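First to last, the protein sequences are chains A and B.
Numbering-wise, UniProt numbering puts 141 at position 141 of the first sequence, and it's gapless, one number per residue.
Numbering-wise, UniProt numbering puts 171 at position 171 of the second sequence, and it's gapless, one number per residue.
Quick reminder that beta carbons are idealized off the backbone N, C-alpha and C, glycines included.
Everything numeric in this text was worked out from a predicted model, so none of it was measured.
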Amino acid sequence: MSSTKIFQVRGQPLPRFPVRNHRMINTVVCGFPIISHHRVSNVLSRTSGPFLGYVPARTDENPFLRGDSNGRFGKFGGKFVPETLMSCLRDLEDEFNFVLSDHEFQVEFTAALRDYVGRETPLYFAERLTQHYKNIARTTGDGPEIYLKREDLCHGGSHKINNALAQAMIARRLGCSRVVAATGSGQHGVATAAACAKLSLECTVFMGTTDIEKQSSNVLSMKLLGAQVKSVQGTFQDASSEAIRNWVGKLETTYYLPGTVVGPHPSPVMVREFQSVIGKETRRQAKQLWGGKPDVLVACVGSGSNALGLFHEFVRDEDVRLVGVEAAGLGLDSGKHSATLAVGDVGVYHGSMSYLLQDDQGQILRPHSIGVGLEYPGVGPEISFLKESGRAEFCTATDQEAIQACMLLSRLEGIIPALETSHALAILEKLVPTLRDGAKVVVNCSGRGDKDINTLIQRGMPSSLC
Amino acid sequence: MATSGTASTFRPSVSASSRLTHLRSSPPFKVPNFTPLPSSRSHSFSVSCTIAKDPTFLMAEAEKTKAAGSDPTLWKRPDSFGRFGKFGGKYVPETLMHALSELETAFYSLATDDDFQRELAGILKDYVGRESPLYFAERLTEHYRRENGEGPLIYLKREDLNHTGAHKINNAVAQALLAKRLGKRRIIAETGAGQHGVATATVCARFGLQCIIYMGAQDMERQALNVFRMRLLGAEVRGVHSGTATLKDATSEAIRDWVTNVETTHYILGSVAGPHPYPMMVRDFHAVIGKETRRQAMEKWGGKPDVLVACVGGGSNAMGLFHEFVDDTEVRMIGVEAAGFGLDSGKHAATLTKGDVGVLHGAMSYLLQDDDGQIIEPHSISAGLDYPGVGPEHSFLKDMGRAEYYSVTDEEALEAFKRVSRLEGIIPALETSHALAHLEKLCPTLPDGARVVLNFSGRGDKDVQTAIKYLEV
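Right, dumping it as structure tokens:
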């Protein structure tokens, strides 16, 4: 794949960027239709208005741009797609805007979230975990309080269903009979298959061969739920490309259901909106439980759906700290990790501009993490924006740290978290000693770990763990 | 084989019939004629059915029952002897009697202890994730709609959404809290496929209690994932190699441990079987299912369910749903057991259909036994229903005609497993699939608009590997 200088399309001048230690690397959009075998030209949205020529300087006046009408968050986001998809995306955006305010849809969706998904999920005070950190960090016995937002209790075992259900409902409204999706850990695949079964939609899920091996129980679940599982050589990024290709081939009847906040506008905004129920409930529950707001929110970041789901509600509350945790895999220096925000550069991937793991030639790197759901070389554009604007902080946790955190929560609270979630839990060790007494930390327990038992066994966990 | 020292199956010794003479004087029930067991099965001390120590108390109870007349619906369930009609009771060695009465006293006092109730309610809400929804299964309802457009309405009580994925945690959490109140820091349990073991290990981790799970060595091999899960949760899993190295042997070993360590140890029994007060306790801890259902039914359609359906292994999820409605005689109650390879094959677990009355694991109830009173090894594709006995209260409800019991084969259960996954996007546990399978026979007989509430007792993630082998997917 050769690179294209995207900003030289139509003779637009290259924008100037504030000096930072990253370069704007020009990347070809991956995986877009090869139908006519022409090089994909990065057609941007035709609407007039601030183009990429405009890069907002870091200003405090309007610090938290939430995605303008072109789906951009600052310079991130956008709609880097071929012409064939533009009208589709426009229809989707119209439908999305409609359902947001359509009473009938909201009533049906809320009822389904309550009776099918099992919301609202509890905000659980992790007493023994809190005590554990009190004991190792302090001598006075006081310390921060740790709460877990129990998305692991959702139907399907993770937060993914919130979005899958809403979008499947939209697919049905749009008259589509078929849904395609791509999945990494299988959680989004299972959620999509479940929602499609419930709404009588045909479902095809694309999954990388390596992922299929690692998360085989999810593959079986998808098949039982009536979905067709198609394997793609590689991992999630390859499966995504294939899913998009498949979608574009059958646009009239097919709906592409993204599991996370990446992709061309309106996907990042849609997925975030549907996941934002997490944060809304948290605000209400925090008020009930301690009469205030959380002090710190912690979530793992693969592409960013569960993180944005929790953070979004609180982005304007500047007294609430937002902490995202990426996968450092075998270590940031090893080259085997998925820490896009830590070491990535800005580029365009899968239809939007964001940070991504790429080499000097703009080739996408292959990420690694023991948490399969975190293995994505990109990250949602809104997340990139939150980082750039300094609103959220991002750090990393290694495979080993994640495993330790998984074992700790299992032993102390009887909750086996997903390995993805375990990354968020892993940083508590470093975070908690820096917090004041009584600080309220809410960790998004984004999924349960039943799917990871085989991985843990393979890692040679001692057979008796005390 | 004979085991020395401790009781293996709580069964009375050969001369039991003579020891029951003290009961023959004003019995509120008929003493059943069970065949004396061959001497090879007896153990070194005999079980004496010590009930009330005070004969006047015994007389008073009998009078009360006579006053209530022959209407069994007015009888207390259970009475002070732990009996449901003739079923139930406390067929245990003397060493356990004190622990059982202590448990009973603690249970009664905690039932009115506001602090305990508040703490339990909080845990059920924030840890377990209650209340579980009462979900209207639209596509399933459509599936059962007849050609003229009529048909029942199917609702699923979503116990599968609980933490750990089944109803079992309701009881485990409450018993762990109770054990803590009793000052017992050591918990033991037995497990077959591992579900009850995982639930117990979970709550022990949550409450910081030492946890020992007894599991048959054969079962440990077959359920390596669950063994790992229990260990990950901090429990010690002890393999039992005696006998057939399966559930009933694990149960015996657990009981042996309890008898030895009764001062420090609480035995978390997973179902409504066993000696009094367990059937009552476990039922009351699961009764939250029925209580929520009543409230949700009132909210959703302003009435009560017409039919309740649940699968029955030991009977805990069924009692949890039924108990609230037993006195509402217009509510029909249906329990579904496992017919395995078929009722005539001899390989099933349909205790209430094919069993006879006897004593197992400390309680009198129906059980699968041969002519010599030996326990028949049951079979079901679902481990949770693979139990040769059944809770005494179910035996009582059956005999009274208050509840109806049917059975469903492995094949029918697998079909239902696949059907519900495809129609509603919810993968049921194979146990639950038995209840779902029975809808095929039930729904055509129900009037239009009849509301059926089915206890969706667990999710099927644990059964996906098994099911895939049998189903062509």
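- The continuous stretches of alpha helix (DSSP H) do not include G324/A, which lies in the beta strand (DSSP E) extending over residues R321 to G329.
- Residues of the segment 282–313 of chain B with a C-beta atom less than 7 angstroms from some C-beta of chain A do not occur.
- At a C-beta separation below 8 angstroms, P133/B has these neighbours in chain A: R114, D115, Y116 and G118.
- In the DSSP annotation of this structure, the continuous segment of the beta strand (DSSP E) that includes C311/B starts and ends at V307 to C311.
- Excluding five sequence positions before and after K280/A, the CB atoms of its chain that fall closer than 6 angstroms to its own CB belong to E313, given in chain order.
- M319/B sits away from P78/B, with the two beta carbons spaced by 7 angstroms or more.
- Separation of H438/B and A339/B (C-alpha to C-alpha, rounded to the nearest whole angstrom) is 12 angstroms.
- Residue V346/A holds the alpha-carbon nearest to the alpha-carbon of D359/A among V346/A, S369/A, F394/A and I212/A.
- Assignment of K440/A by DSSP, reduced to helix, strand and coil, places it in the strand class.
- Listed along the chain, the chain B residues whose CB falls inside 9 angstroms of the CB of L224/A are F417, K418, S421, R422, I427, G460, V464, A467, I468, L471 and V473.
- The Cβ of L233/B sits closer than 7 angstroms to at least one Cβ of chain A.
- A contact between stretches requires three or more CB pairs, one per stretch, nearer than 8 angstroms, and the segment 190–198 of chain B fails this requirement with the segment 274–290 of chain B.
- Per DSSP, reduced to three states, the secondary structure at D356/B is strand.
- Contact between L321/B and N455/B holds: CB atoms are separated by about 5 angstroms, below the 8 angstroms threshold.
- Y127/B reaches chain A at Y124, counting residues in chain order whose Cβ is nearer than 7 angstroms.
- The Cβ atoms of S446/A and H159/A lie closer than 7 angstroms to each other.
- Of all residues in the segment 411–424 of chain A, the ones placed with a Cβ closer than 9 angstroms to any Cβ belonging to chain B are R411, L412, E413, G414, I415 and I416, in chain order.
- DSSP, reduced to helix, strand and coil, places A297/B within a helical segment of the structure shown.
- For A166/A, the closest C-alpha among the options E273/A, D319/A and G449/A is that of E273/A.
- By the neighbour-count criterion, in which 16 or more other beta carbons inside 10 Å mark a residue as buried, Y387/B falls on the buried side.
- The Cβ-Cβ distance between R186/B and T265/B falls below 7 angstroms.
- A413/B and L425/A have their C-alpha atoms roughly 40 angstroms apart.
- Here T445/B carries a helix assignment [DSSP, helix/strand/coil].
- Put simply, of G243/B, G89/B, Y406/B and P93/B the residue whose alpha carbon is nearest the alpha carbon of K441/B is Y406/B.
- The Cβ atoms of S216/A and V261/A do not sit closer than 7 angstroms to each other.
- Buried is the label assigned to T340/A, since at least 16 other Cβ atoms lie within 10 Å of its Cβ.
- Cβ-Cβ distances below 7 angstroms link A174/B to L120 and F285 in the same chain, with the five nearest sequence neighbours on each side left out; the list follows chain order.
- Around the CB of M364/B, 16 or more other CB atoms lie within 10 Å, so the residue is classed as buried.
- Exposed is the label assigned to S87/A, since fewer than 16 other Cβ atoms lie within 10 Å of its Cβ.
- Going by beta carbons, F87/B and S395/B fall inside the 7 angstroms limit.
- DSSP places T265/B within a strand segment (E or B) once states are collapsed to three.
- Between L224/A and A403/B the beta-carbon gap is near 31 angstroms, outside 8 angstroms, which marks them as no contact.
- With respect to the 7 angstroms criterion, R451/B and L233/B are not classified as neighbours on the basis of their beta carbons.
- The criterion of a C-beta distance shorter than 7 angstroms is satisfied by G314/B and G391/B.
- Close to S200/A, with beta-carbon spacing below 9 angstroms, are these residues of chain B in chain order: R139 and L423.
- The DSSP-derived three-state label of A339/A is coil.
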